[in-house]
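Reviewing the structure listed below.
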Amino acid sequence: LKPVSMLYPPEEWEKIRSENVRNKGMQHHLETKILKKNNELIDVDISISVLRNHEGKIVGSIGIIKDITNQKKIKQDLIESEKKFRRIFDATSDVLLYLKDEVILDINKTALNFLGVKKEEIIGKKISELKRFCSNDFEKHLQAIRKASSGEIVNDYECTETHDNIEYSLLFSVDVIEENGVLEGILLRGRDITKRQKAWEELLKLEEKYRILAETSADGVITLDPIGRITYVNPAFEKMINRRKGKILATLFRDYLSEDSVYFFQQVLIDVRKKDEKIENIELELLRSGGDLVPIEINIAPLKKNNTFAGIICSIRDITERRMIENELKKSERLKTEFMNIAAHELKSPVTPIKGYLELIIADKEATEKIKNWAKISLRNSERLLRLVNDILDVSRLDTDTMRFEMVKLNPVEILKEIVEDMRPAVEKKNLKFITKIPDDLPNIMGDRHRLSQVLKNLIGNALKFTDNGHISITAKKEKDHILIAIEDTGIGISKDEIKKIFTKFYQAYSGDDRKNEGVGLGLFICREIIKKHNGEIWAESELGKGSTFFIKLPYIHKIIVNPK
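Just so we're aligned: the sequence shown equals residues 66 to 630 in the numbering used here.
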């Protein structure tokens, strides 16, 4: 025999002894822990009964031990689950109340904070007690709870409550808790939607604002669904096509476009959808109900719903008057160009023989020096007039697209070196240093030799006009798909404001009474147009007082490598 104390851990045995089981009566019940053979500790339930002899004296005890380890674990798991549920119940931002028979059995922290009450003030109270805390829509709650209790589904009803002079909007629903088909309770759930409600109200206000803007706009405004059906029109568009709103909605917008405009508009619609960006200033023709065509300018932007393409919105402007003005301007410009052309030819006709006779006078050995000086002055001015006439003729040809270009394969090295030799005397005459850096391996280009020479001479001539000290340089190099030519000087430079305008027709960077250099502001305009005809670019970089650099970019001819096989 072994003492019973060996079955228990020391602390548990002391606990049992302290119970003084024998002196408490015939039977005693308790939970404790005992040690198994392998010293594993298990939970047990013990029922102990005392044994007495015929004299009633306690002579021993008998015990029944039941292993309750699993039950204890299940019970502990339930306690942990309850704690977890309680944490979730209290942590949620929703208002939660658990009721049975319209009595509040539980309430979470969010609800307590919202109502401004303590838990002990509300637990066990009838739902009617809530009336003093949420008086605005209490009847709604009561009806919802009773409907749910009778088996109806109650979802999403709105209530407004006022606390501390602040109005809140809440969205409520009622969940029925059942077990084996028997109603166990009701869960009242409420979510604060005040911010959402305010955002929705702001959205409605904004929508109303834009609706008023659209309705009162002088421009037509329409919206289309993804396949081009009209879903909204404003009064201006109704007036524009002379049709009523009811007959326009749900029809295809392309049905109101001219035949030439339909295909173009469909392509634009595809681009807007694909690129997800707005497209502006598209000119189309609109078909009125009477068959008349109306020129329009349209701006298009995509519409999104849940981040998915949902159609487009179009702003449409009637440009009939603008077209008329543009046509008048074109007509005026054409007449001006024709006049310039005629005037230039008329001026050139007498100037050419005058120039010839003046050259003869200067070469005449019998003419006096005085007469020769007069002839030189006259010749210089006639040459200036001839240059002006030629510039006017060039502008006229460029404006009317009648300037002829003999595009052939050219060696840019030859042209650049030829220009350098032609301009060197003039550069050296002003005691300027002429710097050149022209590699011999520049690739060939397609161009008009005469016109490219004209551009280069003009740019170097300008550099000469505005440079009194320092140098003029001309450099060239091959880049990715073009050659880059740079003409640099150390002259007076050009201001930032003026450099944006120097390629404009008739613009002179240095105008006024103190202007020292001749010209009417056509040279750089002509240069730009000639370079554009060569699919090239021309631009300038400068700083006032620090000289200027003009750049020309010309595409070169790529060599085609043929596989011998």
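Quick reminder that beta carbons are idealized off the backbone N, C-alpha and C, glycines included. Source: prediction; values computed, not measured.
**Request:** Look at residue 32 and residue 374 and say whether their C-beta atoms are less than 8 Å apart.
**Result:** Nothing about residue 32 can be read from this structure; the chain reaches only from 66 to 630.
**Prompt:** Quick one: what does DSSP say residue 385 is sitting in, helix, strand or coil?
**Reply:** The residue labelled residue 385 in the question sits at position 320 within the sequence shown. The answer is helix: DSSP assigns residue 385 an H, G or I state.
**Request:** Say whether the segment 164–172 touches the segment 237–252, bearing in mind that this needs 3 or more beta-carbon pairs closer than 8 Å, one atom from each stretch.
**Result:** Between the segment 164–172 and the segment 237–252 there are three or more C-beta pairs closer than 8 Å, enough to call the two in contact.
**Buried or exposed (CB count within 10 angstroms, at least 16 for buried), residue 117** = If you number the sequence shown from 1, residue 117 lands on position 52. Within a 10 Å sphere around the beta-carbon of residue 117 sit fewer than 16 other beta-carbons, which makes this residue exposed.
**Request:** Would you mind reading off the limits of the beta strand (DSSP E) that contains residue 168?
**Result:** On the sequence shown, residue 168 is found 103 positions in, with the first residue counted as 1. 168–172 is the extent of the beta strand (DSSP E) around residue 168.
**Request:** Look at the Cβ atom of residue 131, then the Cβ atom of residue 115, and state whether they are nearer than 8 Å.
**Result:** Here residue 131 is taken as the residue at index 66 of the sequence shown, counted from 1. Here residue 115 is taken as the residue at index 50 of the sequence shown, counted from 1. The Cβ atoms of residue 131 and residue 115 do not sit closer than 8 Å to each other.
**Distance, residue 400 Cα to residue 361 Cα** = For the purposes of this step, residue 361 is identified with residue 296 of the sequence shown, where counting begins at 1. For the purposes of this step, residue 400 is identified with residue 335 of the sequence shown, where counting begins at 1. Straight-line measurement puts the Cα of residue 400 at about 27 Å from the Cα of residue 361.
**Alpha-carbon spacing of residue 146 relative to residue 372, whole angstroms** = Position 81 of the sequence shown, counting from 1, holds the residue named residue 146. Position 307 of the sequence shown, counting from 1, holds the residue named residue 372. Annotation: residue 146 to residue 372 spans about 41 Å, alpha carbon to alpha carbon.
**Request:** Could you work out which residue in 206, 390 and 452 is closest to residue 416 when comparing CA atoms only?
**Result:** One-based indexing of the sequence shown puts residue 416 at position 351. Closest option to residue 416, Cα to Cα, is 452.
**Message:** Only counting the same chain, and skipping five residues up and downstream in sequence, which positions put a Cβ closer than 8 Å to that of residue 307?
**Reply:** On the sequence shown, position 242 is the one that residue 307 refers to. Same-chain partners within the cutoff: 353, 354 and 355.
**Message:** What does DSSP give as the partner residue(s) for residue 360 in the beta ladder?
**Reply:** Translated into the one-based positions of the sequence shown, residue 360 becomes position 295. 350, per the DSSP bridge assignment.
**Request:** Figure out for me which residue from 568, 547 and 596 has the closest Cα to the Cα of residue 621.
**Result:** On the sequence shown, position 556 is the one that residue 621 refers to. Per the Cα distances, 547.
**Request:** Decide if the segment 419–429 is in contact with the segment 442–457; the criterion is three or more beta carbon pairs, one per stretch, under 8 Å apart.
**Result:** Under the Cβ criterion (8 Å, minimum of three pairs), the segment 419–429 counts as touching the segment 442–457.
**Item:** Test item: CB-CB of residue 716 and residue 222 under 8 Å
**Value:** There is simply no residue 716 to check, as the chain begins at 66 and stops at 630 in what is shown.
**residue 99 to residue 179 span [Cα, whole Å]** = Here the question's residue 99 lines up with position 34 in the sequence shown. Here the question's residue 179 lines up with position 114 in the sequence shown. Those two C-alpha atoms are separated by around 50 Å.
**Request:** Look at the alpha carbon of residue 76 and the alpha carbon of residue 211, and state the distance between them as a whole number of angstroms.
**Result:** Residue numbering aside, residue 76 sits at position 11 when the sequence shown is read from its first letter. Residue numbering aside, residue 211 sits at position 146 when the sequence shown is read from its first letter. Just so you know, the alpha carbons of residue 76 and residue 211 end up roughly 55 Å apart.
**Request:** Counting only runs of 3+ residues fully inside the segment 482–515, write out the beta strand (DSSP E) ranges in chain order.
**Result:** Runs found: 498–502 and 510–512.
**Message:** So the candidates are 74, 120 and 466; which of them puts its Cα closest to the Cα of residue 101?
**Reply:** Walking along the sequence shown from the start, residue 101 turns up at place 36. Checking every option, the nearest Cα to that of residue 101 belongs to 74.
**Request:** Return helix, strand or coil for residue 328, following the three-state DSSP convention.
**Result:** The residue given as residue 328 occupies position 263 in the sequence shown. Three-state result, residue 328: helix.
**Prompt:** From residue 384 to residue 390, what distance separates their C-alpha atoms?
**Reply:** To locate residue 384, count along the sequence shown from 1; it is residue 319. To locate residue 390, count along the sequence shown from 1; it is residue 325. The C-alpha of residue 390 is placed about 10 Å away from the C-alpha of residue 384.
**Request:** Let me know the beta strand (DSSP E) ranges lying completely inside the segment 283–320, each 3 residues or longer, listed in chain order.
**Result:** Listed in chain order, they are 285–289 and 295–298.
**Request:** Starting from residue 607, trace the alpha helix (DSSP H) both ways and give me its first and last residue.
**Result:** As a working mapping, residue 607 is identified with position 542 in the sequence shown. That residue, residue 607, is in no alpha helix (DSSP H); its beta strand (DSSP E) goes 602–607.
**Request:** Could you check what DSSP says for residue 237 in three-state terms: helix, strand or coil?
**Result:** Position 172 of the sequence shown, counted from the first residue, corresponds to residue 237. In the displayed model, residue 237 falls within a strand according to three-state DSSP.
**Asked** What did DSSP end up calling residue 217 once you bin it into helix, strand or coil?
**Response** One-based indexing of the sequence shown puts residue 217 at position 152. DSSP places residue 217 outside both helix and strand once states are collapsed to three, so it counts as coil.
**Prompt:** Can you name, in chain order, every residue of its own chain whose Cβ lies under 8 Å from the Cβ of residue 258, other than the five neighbours on each side?
**Reply:** Numbered from its first residue, the sequence shown carries residue 258 at position 193. Excluding sequence neighbours, residue 258 sits near 223, 234, 235 and 236.
**Item:** Exposure label - residue 477; buried when at least 16 CB within 10 Å
**Value:** Stepping through the sequence shown from its first residue, residue 477 is reached at position 412. Residue 477 is buried by the Cβ-count criterion.
**residue 113 versus residue 93: straight-line alpha-carbon distance, rounded** = Taking the sequence shown and counting its residues from 1, the one referred to as residue 113 is at position 48. Taking the sequence shown and counting its residues from 1, the one referred to as residue 93 is at position 28. If you draw a straight line from the Cα of residue 113 to the Cα of residue 93, it is about 5 Å long.
**According to DSSP, residues forming a beta bridge with residue 366** = Taking the sequence shown and counting its residues from 1, the one referred to as residue 366 is at position 301. The partner list for residue 366 (beta bridge, DSSP) reads 378.
**Asked** CA-CA distance, residue 517 and residue 392?
**Response** By 1-based counting over the sequence shown, the position of residue 517 is 452. By 1-based counting over the sequence shown, the position of residue 392 is 327. Each residue's Cα considered, the two are about 33 Å apart.
**Asked** Looking only at its own chain, which residues have a Cβ that is under 7 Å from the Cβ of residue 184, when we skip the five neighbours before and after it?
**Response** Numbered from its first residue, the sequence shown carries residue 184 at position 119. The answer, listed in chain order, is 172 and 177.
**Item:** residue 465 burial status per 10 Å Cβ neighbour count (16 or more: buried)
**Value:** Residue mapping note: residue 465 aligns to position 400 of the sequence shown, counting from 1. Exposed, since its Cβ has fewer than 16 Cβ neighbours within 10 Å.
**Request:** Give every residue of the same chain whose Cβ lies closer than 8 Å to the Cβ of residue 343, excluding the five residues on either side of it in the sequence, and list them in chain order.
**Result:** Numbered from its first residue, the sequence shown carries residue 343 at position 278. Sequence-distant Cβ neighbours of residue 343 in its own chain, meaning closer than 8 Å and more than five residues away, are 337, 364, 365, 366 and 367.
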